[in-house]
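Read through the structure below, which is laid out as structure tokens, and then see the notes.
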Amino acid sequence: MRLFFVEDNAALQTTVARSFERRGIQVQVFAEGRAALERWRASPPDVVLLDLSLPDIDGLELLSAARAEQLTTPVIILTARGTVGDRILGLNIGADDYLPKPFDLDELEARVRALARRSRGAPGSAAGAGAGAGAGAGAHEDESFHGLRVDADSGAVYHLGLPLELPPREAALLRALLARPGQAVAKERLTEIVFADDLDVQPDAVEVVAYRLRKRLPADGVRLVTLRGLGYLLKAPD
Numbered sequence: 064m065r066l067f068f069v070e071d072n073a074a075l076q077t078t079v080a081r082s083f084e085r086r087g088i089q090v091q092v093f094a095e096g097r098a099a100l101e102r103w104r105a106s107p108p109d110v111v112l113l114d115l116s117l118p119d120i121d122g123l124e125l126l127s128a129a130r131a132e133q134l135t136t137p138v139i140i141l142t143a144r145g146t147v148g149d150r151i152l153g154l155n156i157g158a159d160d161y162l163p164k165p166f167d168l169d170e171l172e173a174r175v176r177a178l179a180r181r182s183r184g185a186p187g188s189a190a191g192a193g194a195g196a197g198a199g200a201g202a203h204e205d206e207s208f209h210g211l212r213v214d215a216d217s218g219a220v221y222h223l224g225l226p227l228e229l230p231p232r233e234a235a236l237l238r239a240l241l242a243r244p245g246q247a248v249a250k251e252r253l254t255e256i257v258f259a260d261d262l263d264v265q266p267d268a269v270e271v272v273a274y275r276l277r278k279r280l281p282a283d284g285v286r287l288v289t290l291r292g293l294g295y296l297l298k299a300p301d
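Using this note's numbering, you'd call the opening residue of the sequence shown number 64 and step up by one each time.
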């Protein structure tokens, strides 16, 4: 997978690029929007991570120009400008997803991979055309694990095809864990994801959310396990 990261903060460039390259994702970094757009035209990547506050052009203006030129690469907006107006405008212009800063790298990776899979499977795409009948009508790009499934478009969670009614924080915790099923996710990372909009979070807040989520998971299905000193993980049913 090849990723464009359009961001002028050098420290953040390095952190994201190193993290993704360790995960097998090639990252090309751009500090200015016009240079990114020129390269985008010449060689479209699989996903674009786009900051809004760029030194030479506003990120929303860049996105608008790209979509006007029929550049259909999925775009995730990453910005500290977290107002609802900016988010709605970005999505209306053509962004596929939106993640406010500071963000969790595990969650960002999950979103990047989901968008890339959806893009490759879209009608008219090279991967979609090559899939043919062998892929089957049942192929999908959602995150799933032993009956639990996250819809890649809406973020809704399903169990055995039926909607799983969850409050927002419990849903956010479950989505984060489903992005890495069977693997421990650190409590600190989960706190950042679940309480991304809360500046004053108590250290044990995510434990309360985990307790509530356990009560809502089907009794005979996936289990939420606490690993002391490591975090939480989803475990397949016995």
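We put the beta carbon where it would ideally sit given N, CA and C, even for glycine.
The continuous stretches of alpha helix (DSSP H) do not include K164, and DSSP gives it neither H nor E. DSSP links R286 through a beta bridge to K298. Taking the CA atoms as reference points, G284 sits about 25 Å from A268. By the C-beta density criterion, I256 is buried, having at least 16 other C-beta atoms within 10 angstroms.
By alpha-carbon distance to G96, the top candidate from L141, P165 and V69 is V69. Going by C-alpha positions, K278 is about 16 Å away from L240.
Annotated three-state conformation of V175 is helix, per DSSP. According to DSSP, L225 shares a beta bridge with H222. For R212, the pairing in a beta bridge is given by DSSP as S207 and Y221. Looking at the DSSP output, T142 sits in a beta bridge with P163.
Per DSSP, the continuous beta strand (DSSP E) segment holding L112 begins and ends at V110 to L113.
Listed in chain order, the non-local C-beta contacts of I156 below 7 Å within the same chain comprise L123, L126, S127 and R130, local neighbours out to five positions each way being set aside. Scanning its chain for C-beta atoms nearer than 6 Å, with the 5 sequence neighbours on each side dropped, one finds around Q89 the residues R65, in chain order. A distance of 9 Å or more separates the beta carbons of I140 and D169.
For V248, there is no enclosing beta strand (DSSP E), since its DSSP letter is neither H nor E.
Taking a contact as a CB-CB distance under 8 Å, the pair A219 and P226 counts as one, their CB atoms being some 6 Å apart.
Residues of the same chain with a CB within less than 8 Å of the CB of G210, apart from the 5 flanking positions on each side, are H222, L223, P281, G284 and V285 in chain order.
In the DSSP assignment, Q89 is bridged to R65. Residue burial annotation: Y274 is exposed, with fewer than 16 other C-beta atoms found within 10 angstroms of its C-beta. Judged by pairs of C-beta atoms under 8 Å, the stretch 75-88 does not touch the stretch 99-106, as fewer than three such pairs exist.
Approximately 5 Å separates the beta-carbon atoms of P137 and S182; this is inside 8 Å, confirming the contact.
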